[in-house]
Structures are given as structure tokens and as C-alpha cells.
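Asks: Below is the structure I would like to discuss, written out as C-alpha cells.
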Amino acid sequence: MNQLKKFRPRLLSEVLFLDILFDSRTRPVLIYVAFNIVIGAILFRWLEGWSWIDSFYFVIITLTMIGYGDFTPSSPLTKLITIFSGVKREFISNQNQ
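Final position of the sequence shown in this note's numbering is 99; the numbers increase by one with none missing.
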């Protein structure tokens with residue numbers, strides 16, 4: 003029984019990764035990523051006419067560089083937004099190396 007208690011998370015916040023939100027060092031990163039995801043989803047919903055779930059899906063798949071190819075931007079403006087977000091992501095990720 004003691005061994006089971008050892009493997010249980012001490013707090014619910016550890017399971018939900020809420021410590022990332024409450025840590026003053028990681029909070030700006032979390033806010034920046036959430037802001038980019040929400041703004042991207044709003045733009046693709048508005049400019050491409052996709053549903054909310056499709057817009058969030060596309061933004062997250064694009065930002066994580068998975069890129070299944072099931073959704074692609076069709077207008078020149080949304081293609082430029084996608085290129086900009088990809089270049090911005092690469093620039094930011096290379097700053098820590």
C-alpha cells in the first residue's frame with residue numbers, strides 16, 4: 003500500500019500541470035503560446051471559414067510542426083499568416099539553443 007502512495011501525485015495541480023501557470027518563470031511562455039493559438043484560431047475561423055475545432059486543430063498541428071496536410075490555407079493572406087507563424091516559431095525555438 004505504501005508503494006501505491008509513493009507513485010500518486012501529491013497534488014492535483016501536478017497532474018493538470020498547473021504549476022506551470024503558477025511559476026513566475028514559465029507563466030509568460032504559457033500566456034504567449036495560448037495567445038498565439040487563440041489569435042491563430044480566430045484568424046483562420048474568420049479568413050478561411052473553418053469551424054472552431056478545425057481552426058484550433060490547424061493552429062496546434064502547425065505550431066508543433068506535425069503538419070498532416072488535411073487542412074491547408076487556400077487564400078494568399080492565410081498562407082502568409084501560416085508562413086509568418088512558422089518562421090516566428092523557428093526563430094523563438096532557436097533562441098534557447
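Virtual Cβ for every residue (Gly too), placed ideally from N, Cα, C.
If we call anything under 8 Å between Cβ atoms a contact, is L45 one with L32?
Replies: no
Asks: I think I39 touches F58, with their Cβ atoms under 8 Å apart; what is that distance to the nearest whole Å?
Replies: 7 Å
Asks: To which residues of the same chain is L79 closer than 7 Å at the C-beta, ignoring the five residues directly before and after it?
Replies: L49
Asks: To test your reading of the DSSP string, which unbroken alpha helix (DSSP H) runs of 4 or more residues are found completely within the stretch 18-50?
Replies: Whole alpha helix (DSSP H) segments, 4+ residues: 20-24 and 29-50.
Asks: Using a 10 Å radius around the Cβ and a threshold of 16 neighbouring Cβ atoms, would you call G69 buried or exposed?
Replies: exposed
Asks: Which same chain residues end up closer than 6 Å to I61 when comparing Cβ atoms and leaving out the 5 residues on each side of it in sequence?
Replies: Per the sequence shown, residue 61 should be read as Val rather than Ile. Around V61: I39, G42 and A43.
Asks: In whole angstroms, give me the CA-to-CA distance for S53 and P30.
Replies: 28 Å
Asks: Mapping the DSSP letters down to three states, classify D72 as helix, strand or coil.
Replies: coil
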